[in-house]
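Enquirer: The structure under discussion is supplied below as structure tokens; questions concerning it will follow.
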Amino acid sequence: MNAPKEVQTPGGFKCERCELSALYTYYGQMPPNSHSIVLLEEAYIMKDPFTLEDKFLIVGSHCSLCSRAVCVGTDCSLFYSKRFRFPCVKENLKAFPLEIQEGMDKRKPQQKSCKKKGYKA
């Protein structure tokens with residue numbers, strides 16, 4: 005799946021790892037109505053549904069190794085200067101700094117709790 009360039013047309017995002025799905029309102033590095041914020045990655049962004057203010061949530065991005073859509077959930081991806089899916093991190097673990105390698109050793113295998121219980125985000 006090719007990542008769209010800066011888009012302000014709403015669309016659907018789906019994490020290819022945990023299947024989280026959400027409607028995004030923007031894709032890019034400079035979220036609308038956030039004058040001084042520039043993200044370090046092109047990301048899928050949605051308006052924060054928990055506030056009336058012009059705040060936003062980062063839903064996900066694309067893995068910089070395999071280009072698959074992945075959410076920012078701690079069970080799905082890691083941001084270390086770029087976004088990486090955990091399977092890609094594991095496959096290329098020696099290329100990451102020691103702190104990342106040690107952190108991956110401590111991680112439990114992913115539990116797809118939402119999928120097991122039949123919930124759809």
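If you count the sequence shown from 1, position 9 lands on 13 in the numbering used here, and the numbers rise without skipping. All residues carry an ideal CB built from backbone N, CA and C; glycine is no exception.
Would you call the stretch 26-35 in contact with the stretch 87-99, where contact means no fewer than 3 C-beta pairs closer than 8 Å?
Expert: no
Enquirer: Using the Cβ count rule (16 or more neighbours within 10 Å means buried), how would you classify histidine 39?
Expert: exposed
Enquirer: Ends of the beta strand (DSSP E) at lysine 51?
Expert: 47-51
Enquirer: Going by DSSP in three states, isoleucine 62 sits in which element: helix, strand or coil?
Expert: strand
Enquirer: By Cβ distance, which residues of its chain are closer than 7 Å to leucine 56, with the 5 residues on each side in sequence left out?
Expert: none
Enquirer: Under the DSSP definition of a beta bridge, which residues are partnered with tyrosine 84?
Expert: DSSP output for tyrosine 84 lists no bridge partner at all.
Enquirer: Look up cysteine 75 in the DSSP assignment and say whether it is helix, strand or coil.
Expert: Under the three-state reduction of DSSP output, cysteine 75 falls in the strand class.
Enquirer: Does the stretch 58-77 come within contact of the stretch 40-49, defined as at least 3 CB pairs closer than 8 Å?
Expert: Judged by pairs of C-beta atoms under 8 Å, the stretch 58-77 touches the stretch 40-49, as three or more such pairs exist.
Enquirer: Taking the alpha-carbon of glycine 15 as reference, which of Cys22, Tyr28, Leu24 has the nearest alpha-carbon?
Expert: Check the Cα spacing between glycine 15 and each of Cys22, Tyr28, Leu24: the tightest is with Tyr28.
Enquirer: So what does glycine 107 bridge to, in DSSP terms?
Expert: BP columns for glycine 107 are empty, so no partner.
Enquirer: Mind checking phenylalanine 17: buried by the 16 CB within 10 Å criterion, or exposed?
Expert: Counting Cβ neighbours within 10 Å, phenylalanine 17 comes out buried, since at least 16 surround it.
Enquirer: Output the distance between the C-alpha atoms of alanine 73 and glutamate 20, rounded to the nearest integer angstrom.
Expert: 6 Å
Enquirer: In this structure, how does DSSP classify leucine 27 when only helix, strand and coil are distinguished?
Expert: strand
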